[in-house]
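Here the protein sequences line up with chains A and B, keeping their order.
Under our numbering, the final residue of the first sequence carries the number 319; numbering is consecutive throughout.
Under our numbering, the final residue of the second sequence carries the number 614; numbering is consecutive throughout.
Note that beta-carbon positions come from the ideal geometry of N, C-alpha and C, so glycine has one too.
Remember, predicted model here, so these are calculated numbers, not experimental data.
One structure is given here, and the rest of the page talks about it.
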Amino acid sequence: MHLTGYFLQRLIRGLVTFWFAVTVTFFLVRLLPGDPVLAVAGPGMTEEIRQTQLELYGLDRPLAVQYFAYLRELVQGNLGVSFLRSQPVSQVLMERLPWTLLLTGSALLLTVILGVPLGVLAATRARGWVDQVVQITGVVGQSLFVPSLGILLLYTLGLMLGWFPIGGAVKSGLTGVSYYLSVVHHLILPSFTLVLAQLASYVLTLRATLIEALGEEYCDLARAKGTRENKVIWKHALRNALLPTTTLIGLQIGFLVGGAVLTETIYAYPGVGRAIYEAVGQLDFPVLQGAFVLLAATVVIANLLTDIAYGLLDPRVRA
Amino acid sequence: MTMTNTSTTAPTLAPADLKPAQRTWRAFRRNPLGMGSAAVILIMVLIALLAPLLAEFPSGYGIEILMPPSAAHPFGTDDLGRDVLAQVIWGTRISMIIGFASSFLAILIGVALGILAAYAKRLDAPISMMVDVSLALPVLPLMILVAALVGPSVTTLVVVIALFSWPEVTRIVRSQALSVTRLPYVDAARTIGGSHFWIMTRHLLPAVAPIIVVSVVLTASRAVMSEAGLSFLGLGDPESWSWGKILFNAQRSGALTVAWWCTLFPSLAILLLVVSSTLMSIAYNDARNPKTREN
């Protein structure tokens, strides 16, 4: 009952966020110096294309009229035309989106799988040497520049040791099981780059909330009842400590997407991020704008899913 | 991040007549991590200021291409035979300028909006919503779009990074200022007829000042990373060197697969600056907090 209200509220928030993203892009593109047609047709456009785009978006009409025309096109999935590929931007990007989702999704999953035990280890040995190591590594880990990390992994594990391929997402000409194995093989380095870049803040947050939770009265009560410490940690404290980290994941998705742009550039991974890098080099503005809108939508949806997970995990949300 | 107790010095009770700032400084001075980080940052600032004296501006072509580190070129040379050490030194300059300028701008906007949101009840909801919404968006792709449209230059980078970095500052400042607006002395200031502007600048601003100090350092280090990211994607100022641009050159020319020195040294420079900034702000926080200070 209350859960529906909570989800509805989150849904509206997600829609507002996306609307804000779209609106900001619209006005930035038009108020900044430069020809606004550039943002939907690219610099190499012919006069004919310029005229079509001018008419389509009504760029000679008042800003408000233009704005609604832009929203109308957007709702229909029209993000303009990539001039260099003479393909609709939505088509160019939708081919690439699955790879980015695979990369960021796997990185997120691995962060949680590795982060939970590390956080528990640091919290239960608070002030011990394991904890000290985790904290110092954590500070350094939070300061890692994604391309630096990516280049380091690529150079050592990819080039010197030759364990992993150094670019691309899959070897061509493969089918069946070997296709999927190749996908995983190509995914490992880029995914780990993203995991290492964000693992630190996840572990440090979990450590802090877990230490707090372990000092709560309900944990003392569980101990007083004779519950083993392991059970107190994993069954009682961790369940509560995981909730704030769920929120953190939501916040980190935006960072993760930015990291994906940089990682895909290094590993020539054929996702949306690599498309952004290529579009920067060719000044393909429609692709840049479309990519931001698409990534913003992805982040909003991912956040919505985290919120729903939060609502299901935390009974207090329903009360 | 709670790296308390990094200082192991025996507790010495500060004389009661010391000002809070002096007490903070006394505690900060005793923390080796904090002082070390401050020294590293100071050295980097000096390198940035003295770049023209330390190395020649790397330009043109050399004959010794892709040479590993040697006595003549301690950091090696790149694919056009340019000295990597010189690039890192000149890169320090641009990375620092952009880091500090954009964090200054971001803090200015962030603090103003944060205090306004905390003080003016009617503005709180819209400002907070704007902050929440912008924090949820993928900032890097947005920065890329704007920087590409305006055309890359140092000014563009500063403005673009500042434009998308203030929400974090606003969020922190607002929550701190909010707790102060409920204190009796703010009511007292209002009762004696103080103007809104006077209350905000004279009573709220000093209360959030320590937060601002931490923010300057952290926002600047994050701005350095943003600059490096944008430059790495080819949106750096075409006229000057920055750490991100060295990485971009290595990536574009393919040097990164053959010459580790082209990417290692600028990477270390970024890491060193960001780690020092983080440690320094942790040490400052510990020094400022009476609970951790007396330990």
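Where the alpha helix (DSSP H) through residue i begins and ends
| i | result |
| --- | --- |
| Thr520 of chain B | Counting along the chain, Thr520 of chain B falls outside any alpha helix (DSSP H), and DSSP gives it neither H nor E. |
| Asn78 of chain A | Segment: none, Asn78 of chain A is in no alpha helix (DSSP H) and carries neither H nor E. |
| Ser550 of chain B | 524 to 551 |
| Asn568 of chain B | 562 to 572 |
| Lys338 of chain B | Run containing Lys338 of chain B: none; DSSP gives neither H nor E here. |
| Asn604 of chain B | 579 to 607 |
| Trp320 of chain A | A query on residue 320 of chain A cannot be resolved here, the shown segment of chain A reaching from 1 to 319 and no further. |
| Leu482 of chain B | 473 to 482 |
| Gly273 of chain A | 272 to 282 |
| Asp506 of chain B | 503 to 510 |
| Tyr269 of chain A | Segment: none, Tyr269 of chain A is in no alpha helix (DSSP H) and carries neither H nor E. |
| Pro557 of chain B | Careful: Pro557 of chain B lies outside any alpha helix (DSSP H) and carries neither H nor E. |
| Asp314 of chain A | From DSSP, Asp314 of chain A is part of no alpha helix (DSSP H); its letter is neither H nor E. |
| Pro486 of chain B | 485 to 500 |
| Arg30 of chain A | 2 to 31 |
Contact set for residue i: own chain, Cβ-Cβ below 6 Å, skip 5 residues either direction
| i | result |
| --- | --- |
| Thr209 of chain A | Ala241, Pro244 |
| Tyr267 of chain A | Gly167, Pro190 |
| Tyr277 of chain A | Thr265 |
| Val75 of chain A | none |
| Gly395 of chain B | Met386, Pro387, Pro388, Val403, Trp580 |
| Leu554 of chain B | Ala466, Pro471 |
| Lys564 of chain B | Ser550, Gly555 |
| Met322 of chain B | Residue confidence is low: Met322 of chain B scores 45 on pLDDT, short of 50, so the model does not pin down where it sits. No coordinate-derived value is stated. |
| Thr475 of chain B | Ala466, Val469 |
Neighbourhood of residue i by C-beta distance below 7 Å, restricted to the same chain and skipping five residues each side
| i | result |
| --- | --- |
| Gly119 of chain A | Val203, Leu206, Arg207, Leu210 |
| Ala333 of chain B | Reliability fails at Ala333 of chain B, whose pLDDT of 49 lies under 50, so the model's placement of it is uncertain and no value is given. |
| Ala624 of chain B | One cannot answer for residue 624 of chain B here, as it falls past the ends of chain B, which runs 320 to 614. |
| Ser326 of chain B | The predicted model places Ser326 of chain B with a pLDDT of 45, which falls under 50 and marks its position as unreliable; any figure quoted below should be read in that light. Answer for Ser326 of chain B: Arg349, Asn350, listed in chain order. |
| Val535 of chain B | Ser422, Ile426 |
| Met320 of chain B | Residue confidence is low: Met320 of chain B scores 41 on pLDDT, short of 50, so the model does not pin down where it sits. No coordinate-derived value is stated. |
| Thr111 of chain A | Val195, Gln198, Leu199, Tyr202 |
| Val299 of chain A | Ile253, Gly254, Val257 |
| Ala64 of chain A | none |
| Ala169 of chain A | Trp99, Val183, His186, Tyr269, Pro270 |
| Val458 of chain B | Phe483 |
Amino acids of chain B, ordered along the chain, whose beta-carbon sits closer than 9 Å to that of residue i
| i | result |
| --- | --- |
| Gly254 of chain A | Leu454, Ala455, Leu456, Pro457, Val458, Leu459 |
| Val134 of chain A | Residues of chain B passing the Cβ test: none, with the nearest at roughly 11 Å. |
| Gln9 of chain A | Chain B residues near Gln9 of chain A: none, gap ~13 Å exceeds 9 Å. |
| Ala291 of chain A | Pro460, Ile463, Leu464 |
Listed by chain order, chain B residues near residue i by CB distance under 8 Å
| i | result |
| --- | --- |
| Ser106 of chain A | Near Ser106 of chain A there are no residues of chain B at all, since even the closest Cβ is about 18 Å away, more than 8 Å. |
| Thr265 of chain A | Phe551, Leu552, Gln570 |
| Phe145 of chain A | Met544, Ala547, Gly548, Ser586, Ile589, Leu590, Val593 |
| Gly281 of chain A | Gly553 |
| Val203 of chain A | None at all; the shortest Cβ gap to chain B is about 11 Å. |
Interface residues of chain B facing residue i [CB-CB closer than 7 Å]
| i | result |
| --- | --- |
| Leu54 of chain A | Within chain B, no residue comes near Leu54 of chain A; the closest Cβ sits about 18 Å away, beyond 7 Å. |
| Ala296 of chain A | Leu456, Pro457 |
| Ile12 of chain A | Going along chain B, no residue has its Cβ under 7 Å from Ile12 of chain A, so there is no contact; the nearest lies around 12 Å. |
| Val29 of chain A | Leu468 |
| Ile276 of chain A | Pro460, Ile463 |
Expected contact under 8 Å - CB spacing of residue i and residue j to nearest Å
| i | j | result |
| --- | --- | --- |
| Ala481 of chain B | Leu424 of chain B | 4 Å |
| Leu31 of chain A | Val293 of chain A | No, Leu31 of chain A and Val293 of chain A are not in contact; Cβ-Cβ is about 17 Å, not under 8 Å. |
| Val488 of chain B | Val452 of chain B | So it is not a contact: roughly 16 Å between Cβ atoms. |
| Ile589 of chain B | Ala547 of chain B | 6 Å |
| Val477 of chain B | Ile417 of chain B | 6 Å |
| Gln289 of chain A | Val29 of chain A | 7 Å |
| Val527 of chain B | Ala578 of chain B | Not quite, the Cβ-Cβ distance comes to about 47 Å (not below 8 Å), so this is no contact. |
| Leu537 of chain B | Ser596 of chain B | 6 Å |
| Pro147 of chain A | Leu566 of chain B | 6 Å |
| Thr263 of chain A | Gly150 of chain A | 5 Å |
| Leu598 of chain B | Leu352 of chain B | 5 Å |
Close-in-space but distant-in-sequence residues of the same chain around residue i (CB under 8 Å, 5 per side omitted)
| i | result |
| --- | --- |
| Ile308 of chain A | Phe7, Arg10 |
| Pro88 of chain A | Asn78, Leu79, Gly80, Val81, Ser82 |
| Val364 of chain B | Met415 |
| Thr246 of chain A | Thr306, Ala309, Tyr310, Leu313 |
Proximal chain A residues relative to residue i, where beta-carbon distance stays under 8 Å
| i | result |
| --- | --- |
| Trp579 of chain B | Tyr155 |
| Leu598 of chain B | Val139 |
Interface partners of residue i on chain A, CB under 9 Å
| i | result |
| --- | --- |
| Thr582 of chain B | Pro147, Ser148, Ile151, Leu152, Tyr155 |
| Thr396 of chain B | Correct list: empty, because the minimum Cβ distance to chain A is about 18 Å. |
Chain A residues whose Cβ lies nearer than 7 Å to that of residue i
| i | result |
| --- | --- |
| Thr510 of chain B | Correct list: empty, because the minimum Cβ distance to chain A is about 38 Å. |
Task: Runs of alpha helix (DSSP H) wholly within the segment 180 to 237 of chain A (minimum 4 residues, chain order) - done: 217 to 224
Open item on the list: Please give the ranges of any beta strand (DSSP E) in the segment 347 to 403 of chain B, keeping only runs that are unbroken, at least 3 residues long and fully inside the region.
Closed with: Taking only runs of at least 3 residues, no beta strand (DSSP E) segment lies wholly in the segment 347 to 403 of chain B.
Task: Entirely enclosed alpha helix (DSSP H) segments - the segment 407 to 473 of chain B, minimum 4 residues - done: 440 to 455, 458 to 469
Task: alpha helix (DSSP H) runs wholly inside the segment 138 to 183 of chain A, at least 4 long, in chain order - done: 146 to 153
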